[in-house]
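Q: Residues in the sequence shown are numbered from 7 upward in steps of one, following my numbering.
The beta carbon of each residue, even a glycine, is placed where N, CA and C say it ideally should be.
Quick one: the structure is below, and I'll ask about it shortly.
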Amino acid sequence: MLNDNRKTEIIYIPVENLLLDNLNPRLAGENTNASQEDIIGRIYNNEELEELAGSLAIHGFLPEEPIIVVPTNIGEFQDINRDNVSNYKFIIIEGNRRISSVKLLSDSKLRTTIEVDDNFPQVENTEVTENLRKIPAIIYKERKNVDAYLGIRHIAGNRKWDAYAKAKYIYDKVEECRSNENVTIPEAIEIIKNQISDRKDTIRKLYVYYKIFNIIEQEVVNYQSKHIKDRFSLIQVALGMGRTPIAEYIGIPAFSNVDFEQEIIDNSHINNLKDITKWIFGLKEDDPARIISDSRNIGKLLAPVLANKESTDYLKKYGDLAGAYELTNGEEELVRNSLRKAFKSLSLVQNKIYKYKTISDIKDEVDEIGSMLQQIRILMKEE
């Protein structure tokens, strides 16, 4: 009936015996001592459960997709069977969103406590109500027995976690492997790679991204990092595998050459890391100094700017990404482009301006442009 680490049959567990996992990667960075209500509240607020709950309210819980759990007490694993399972508590390793939805569907008091919207789905079929009382589960002995499955499903597979959750999960697994197996970080990365059949060096990449995030959190934003977690994928866009001007700006080599025995970003590049954080994420939520609103502009504009010292200096001084990008082809090209833009703008108003000649502020603008043009002509005549 069982092997050493997993029950070989699906066992139905009362929903009240299922505990949401406070180490769930979707909650990475949250309070690991949070109550069950707090965890459900965070999942509800962050994961948009309405569609999932709506499906469960109509169809119930499908036996073809059991959750994965471990007993709260490892020593109890051998004694658990389908007849006595209601005597034990279990932590959900895979299926926290689904069980959060089930608990919200089944408990009106819980819905009130965490202030669920009035339009949240409700179960109207008694058969579905009965179905949701016991949940099909595969029981493993302990967390580490599930690692390969989670990695394949959520890192390499088609049910991926969000960027931050993936990176946090991999970072934790590499550090855990390094400590437990007494190996180096590169060796731990190889072990985890083999567990999930990673052939694209995804594990090394995610580990480096999270290491960099850690430095940002500690050295740049003083742990006020939610806005960065929410846009974590932009770190990947900016750094690639360490072969981008942005990576070079913060002192990161190609990831294959990273020395994990040293600080991944040395002290001489911390101010540059602060620049990158400010420009891409903002040093705080809604920071006006943030200049990237479209992720495509990281590679299209910011990377070329940072590959050119003159344009980089301009960006640092003025915070003007478009202006800095104009400088990437040199000052002469900037002058040419600016004159073209000025000519185009003036051409658009030339045949319309007479209608507004009595409006004082427009007249003042025209006078200023005339004065500026006169100064430019004088400068053009100077030797």
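Go through its chain and collect everything with a Cβ distance to I45's Cβ below 7 Å, but skip five positions before and after it.
A: In the sequence shown, residue 45 corresponds to position 39, counting from 1. Closer than 7 Å at the Cβ level, and outside the excluded window around I45, lie L26, N28, L33.
Q: Is the Cβ-Cβ distance between T334 and V311 less than 8 Å?
A: By 1-based counting over the sequence shown, the position of residue 334 is 328. By 1-based counting over the sequence shown, the position of residue 311 is 305. Yes, these two residues count as a Cβ contact at 8 Å.
Q: Output the distance between the C-alpha atoms of G101 and P31, rounded to the nearest integer angstrom.
A: Translated into positions along the sequence shown, residue 101 becomes position 95. Translated into positions along the sequence shown, residue 31 becomes position 25. Pairing G101 with P31, the inter-Cα distance amounts to about 12 Å.
Q: When DSSP labels each residue in this structure, what does F67 get in the three-state scheme?
A: Mapped onto the sequence shown, residue 67 falls at position 61. DSSP places F67 in coil when its eight states are reduced to three.
Q: Between the C-alpha atoms of I258 and V189, what's the straight-line distance to the nearest angstrom?
A: As a working note, residue 258 is residue 252 in the sequence shown. As a working note, residue 189 is residue 183 in the sequence shown. The straight-line gap from Cα to Cα measures roughly 23 Å.
Q: If we ignore side chains and look at the alpha-carbon of each, how far apart do R249 and K235 end up?
A: Here residue 249 refers to the residue found at position 243 when the sequence shown is read from its first residue. Here residue 235 refers to the residue found at position 229 when the sequence shown is read from its first residue. Cα to Cα, the separation comes out at about 23 Å.
Q: CA-CA distance, A253 and F238?
A: Numbered from its first residue, the sequence shown carries residue 253 at position 247. Numbered from its first residue, the sequence shown carries residue 238 at position 232. Roughly 16 Å between the two C-alpha positions.
Q: Does DSSP put P3 in a helix, in a strand, or in coil?
A: The displayed coordinates of the chain run from 7 to 389. Any statement about residue 3 would go beyond what the structure contains.
Q: Three-state secondary structure (DSSP) at E15?
A: Along the sequence shown, read from residue 1 onward, the residue named residue 15 stands at position 9. Of the three classes helix, strand and coil, the one that applies to E15 here is coil, per DSSP.
Q: Excluding the five sequence neighbours on either side, which residues of its own chain have a C-beta within less than 6 Å of the C-beta of Y331, listed in chain order?
A: The count along the sequence shown starts at 1 and reaches residue 331 at position 325. Excluding sequence neighbours, Y331 sits near L307, V311.
Q: So R104 and I73 are in contact, right, with Cβ under 8 Å, and what is the actual spacing, rounded?
A: Your numbering for residue 104 matches position 98 in the sequence shown. Your numbering for residue 73 matches position 67 in the sequence shown. The Cβ separation is near 7 Å, so the contact holds.
Q: Enumerate, from N- to C-terminal direction, the unbroken alpha helix (DSSP H) stretches of 4 or more residues contained entirely within the segment 53-117.
A: 56-65, 102-112
Q: Would you grab the beta carbon distance between L138 and S112 for me? Rounded to a whole angstrom, and I think it's under 8 Å.
A: By one-based count along the sequence shown, residue 138 stands at place 132. By one-based count along the sequence shown, residue 112 stands at place 106. About 6 Å separates the two Cβ atoms, so the contact holds.
Q: What distance in whole Å lies between the Cβ atoms of Y215 and I241, which are believed to be in contact at a cut-off of 8 Å?
A: Position 235 of the sequence shown, counted from the first residue, corresponds to residue 241. Position 209 of the sequence shown, counted from the first residue, corresponds to residue 215. Rounded, the Cβ-Cβ distance is 5 Å, consistent with contact.
Q: If you draw a straight line from the C-alpha of K211 to the C-alpha of I304, how long is it?
A: Against the sequence shown, residue 211 aligns to sequence position 205. Against the sequence shown, residue 304 aligns to sequence position 298. For K211 and I304, the distance between alpha carbons rounds to 18 Å.
Q: Could you work out which residue in G66, E316, S106, G325 is closest to E43 when comparing CA atoms only?
A: In the sequence shown, residue 43 corresponds to position 37, counting from 1. Taking only the C-alpha atoms, the option nearest E43 is S106.
Q: What is the rounded straight-line gap between the Cα of E70 and the Cα of K322?
A: Within the sequence shown, the letter at position 64 stands for residue 70. Within the sequence shown, the letter at position 316 stands for residue 322. Cα to Cα, the separation comes out at about 56 Å.
Q: Tell me whether M7 is buried or exposed, calling it buried when 16 or more other Cβ atoms sit within 10 Å of its Cβ.
A: The residue given as residue 7 occupies position 1 in the sequence shown. Confidence is the limiting factor: at M7 the pLDDT is only 40, short of 50, which leaves the residue's position unreliable and the question unanswerable from this model.
Q: Could you give the distance in angstroms between the alpha-carbon of R383 and the alpha-carbon of S344?
A: If you number the sequence shown from 1, residue 383 lands on position 377. If you number the sequence shown from 1, residue 344 lands on position 338. Rounded to whole angstroms, R383 to S344 spans 16 Å at the Cα level.
Q: Report, in whole angstroms, the separation of the C-beta atoms of I49 and L58, which I expect to be a contact under 8 Å.
A: Indexing the sequence shown from 1 puts residue 49 at position 43. Indexing the sequence shown from 1 puts residue 58 at position 52. Their Cβ separation, rounded to whole angstroms, is 10 Å, which puts I49 and L58 out of contact at 8 Å.
Q: In whole angstroms, what is the alpha-carbon distance linking E269 and I276?
A: As a first step, residue 269 is located in the sequence shown; it is residue number 263 there, counting from the start. As a first step, residue 276 is located in the sequence shown; it is residue number 270 there, counting from the start. The alpha-carbon atoms of E269 and I276 are separated by roughly 11 Å.
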